[in-house]
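In my numbering, the protein residues as written are 177 to 431.
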């Protein structure tokens, strides 16, 4: 039986071949329009991932030159500068590159799905302190895997979201989760916009689950991925390819 290092290498190779350039693009909130400044700041390299990675939002932002823009961002890392300012390192979907954003320069932060207005500083503080608001890391990994599978092709069907909700509920029931935990997980999953790296790290999180949970998580994930792929009644070539790759990943996880 391969050891954990060998299993992770095999998983990473599959993900790199199938999804290296894929990412979930969050929607523009209702009654909003995305824009970007005429001249944008220099792009950052892809950042190391923190506990807040894959969390997305729509922001109205004023940069250090005074230019305003409305952007969809997906966080990768949050840190505090020497002077005390919070910084979100994120992929900007309007720029198609990684940028730094300071919450104190955000005039507005909005949930991409619902249009709910969020407090930029309080929300960022919470993400930096505790990461994504899941009470169970296995549920977090499952949510990232399924959201990526559902939306990385640029299409999302309402029945696919229902498949994700059922899977998270099933996980919670089998792991003695509380109703509040499930409700929080369902709300958070709709704010995720993972990329291929987040997807790979979620698979790695499942791989590192306690032995008694690994097969259970993999089984739930496998059934849910099948539901997601078939939810819209059409089996696309890309989904078939990704589904086969996920099956191979889960086979490795099961050992």
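Ideal placement from N, C-alpha and C gives every residue a C-beta, glycine not left out.
| Query | Result |
| --- | --- |
| So, helix, strand or coil for residue 253, using DSSP? | strand |
| Identify, in the order they occur along the chain, each residue of the same chain with its Cβ nearer than 7 Å to the Cβ of residue 318, setting aside the five sequence neighbours on each side. | 343, 344, 347, 393, 396, 397 |
| Over what stretch of residues does the beta strand (DSSP E) that includes residue 401 continue unbroken? | Premise fails: residue 401 lies in the alpha helix (DSSP H), 387-406, not in any beta strand (DSSP E). |
| Taking its Cβ as the centre, do 16 or more other Cβ atoms sit within 10 Å of residue 215, making it buried, or is it exposed? | exposed |
| Taking the C-alpha atoms as reference points, what is the distance between residue 428 and residue 187? | 7 Å |
| Strictly by DSSP, which residues pair up with residue 275? | 266 |
| Go ahead and pull the three-state DSSP assignment for residue 324. | helix |
| Pop quiz: residue 435 and residue 234 are said to be a contact at Cβ under 8 Å. What is the actual Cβ separation, rounded to whole angstroms? | Nothing about residue 435 can be reported from this structure: the residues present for the chain run from 177 to 431 only. |
| Which one or two residues does DSSP pair with residue 293 in a beta bridge? | 286 |
| Is it true that the CB of residue 253 sits closer than 7 Å to the CB of residue 220? | no |
| Within 10 Å of its beta-carbon, does residue 373 have 16 or more other beta-carbons around it, so buried, or fewer, so exposed? | buried |
| Less than 7 Å between the beta carbons of residue 291 and residue 370, yes or no? | no |
| Just the C-alpha distance for residue 179 and residue 376, rounded to the nearest angstrom, thanks. | 18 Å |
| Could you give the first and the last residue of the continuous beta strand (DSSP E) run that contains residue 238? | 232-238 |
| Is the segment 188-197 close to the segment 227-243, with three or more CB pairs under 8 Å? | no |
| Looking at the structure shown, is residue 244 part of a helix, part of a strand, or coil, going by DSSP? | strand |
| Does the beta-carbon distance from residue 228 to residue 294 come in below 7 Å? | no |
| For residue 432, tell me which candidate among 241, 289, 281, 210 has the shortest Cα-Cα distance. | Limits of the chain in this structure are 177 at one end and 431 at the other, which puts residue 432 out of reach. |
| Do you know offhand how far residue 335's Cα is from residue 422's? | 20 Å |
| Consult DSSP for residue 280 and reduce its assignment to one of helix, strand or coil. | helix |
| What's the call for residue 355, buried or exposed, on a 16-neighbour Cβ count within 10 Å? | exposed |
| Apart from the five residues just before and just after residue 358, which ones in its own chain have a Cβ nearer than 8 Å to its Cβ? | 344, 345, 348 |
| Tell me where the alpha helix (DSSP H) around residue 341 begins and ends. | 334-350 |
| Is residue 255 closer than 7 Å to residue 380 when the C-beta atoms are compared? | no |
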